[in-house]
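According to our numbering, the sequence shown holds residues 11 to 277 in order.
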Amino acid sequence: MAEAVQQELSALAAIFCGPHEWEMLSCSETDGAVFRIHTTAEGLVGEDLPLELVFHLPAGYPLCLPGVSVSSEHLTRAQCATVKEKLLEEAGKLLSEPMIHELVLWVQQNLRSVLSQPETASSSEKHARPESTAVNDGLWIILLHVDHMRARTKYVKTVEKWAAELRLTGRLMFMGKTILILLQGHRSSIKEYLILQKTSKVDVDSSGKKCKEKMISVLSETKVQPEHKRFLAFEVKEYSALEELQKEFQTAGLLQLFSECVLGLVK
């Protein structure tokens, strides 16, 4: 990785040093760096909206555009997509120089104006076609059941790293003793994830030795349908009640998947 990029990453880690503001997801010479920044920006009525920005700096960066993902519980999918588009437009003006801090500052200063633009209100129609053609783009969704995690912290970080490297989005879900991994992305990436999951030492056995995952099962694997929500990031979530878990699936347009594959596990 170029020295200038390493310096930029070090500077970003120093700038976003508050609790949970900065998280490096993966970093390698071949695949570049993937990291997450949590920040806030002014919304339409002057409130501070939490934003999660995930950046991928490929090997050619900054001579090529970074990958960007925008998500927020307070914005719609269409609004997040519009903010992402505007960020990439700004990134195009900054090619050949470190730009991530500038992009974060830009979204902090301009989110309100982006959300107030007329095209944002109609962006659900603007983005309807890409969403509805997700099947043709080769996007799939898979639901996995993990029996247990002894070394939970390490296991979770490994799953997050793999998801980032393979450009997979979705959820790692905990509810009581039930552990589910919901992944969305290109089928080839999902297949590669499964290989990593089954061949890497991601956990420890009863004696504390590193071991491979032997007790994971595929509950469902299917093409993304038009009614399915496109996840914008990979998140780890914990649920205290069955109703919360059900709502997660319902919001994603996956209520049938919940009924057929999840309900029997947690009851």
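Glycine included, every Cβ here is placed at the ideal spot set by N, Cα and C. On a predicted model such as this, the values are computed, not experimentally measured, just so you know.
| Asked | Found |
| --- | --- |
| Given this structure, state the Cα-to-Cα distance separating H238 from L149, to the nearest angstrom. | 11 Å |
| By Cβ distance below 8 Å, which residues in the same chain neighbour V276 in space, the five residues on each side in sequence not counted? | M185, G186, T188, L252, L255 |
| Which value, in whole angstroms, describes the spacing of the CA atoms of F159 and V246? | For the record, residue 159 in the displayed sequence is Met; it is not Phe. Approximately 14 Å between the Cα atoms of the pair. |
| Pick out the complete beta strand (DSSP E) segments inside the stretch 235–264, 3 residues or longer, and give them in chain order. | 244–248 |
| Can you look up C27 in the DSSP assignment and give me helix, strand or coil? | coil |
| If contact is defined by three or more beta carbon pairs under 8 Å, each pair taking one atom from either stretch, is the stretch 85–93 in contact with the stretch 65–74? | no |
| Using the Cα positions of H278 and C221, report the straight-line distance between them to the nearest angstrom. | Residue coverage of the chain in this structure runs from 11 to 277, which leaves residue 278 outside it and unanswerable. |
| How is S106 classed by DSSP in three states: helix, strand or coil? | coil |
| Which same chain residues end up closer than 6 Å to V169 when comparing Cβ atoms and leaving out the 5 residues on each side of it in sequence? | L182 |
| From K208 to E52, what does the alpha carbon distance come to, in whole angstroms? | 44 Å |
| Below 8 Å on the Cβ atoms is my contact criterion, and I expect L59 with L121 to pass it. Report the Cβ-Cβ distance as a whole number of Å. | 7 Å |
| Note down, in chain order, each residue of its chain lying with its Cβ closer than 6 Å to the Cβ of H48, except the 5 sequence neighbours on either side. | H30, E31, E62 |
| Mind checking which residues open and close the beta strand (DSSP E) that includes K171? | Segment 162–175 is the alpha helix (DSSP H) holding K171; no beta strand (DSSP E) there. |
| Work out the CA separation of E39 and I151 for me, nearest whole Å. | 29 Å |
| Please say whether L242 and Y203 have beta carbons closer to each other than 8 Å? | no |
| In terms of alpha-carbon separation, which member of E270, Y165, L273, P236 lies closest to A262? | P236 |
| Let me check one thing: in DSSP terms, what residues is L60 bridge-paired to? | Residue identity differs from the one stated: residue 60 is Pro in this sequence, not Leu. DSSP output for P60 lists T50 as bridge partner(s). |
| Could you check what DSSP says for V55 in three-state terms: helix, strand or coil? | coil |
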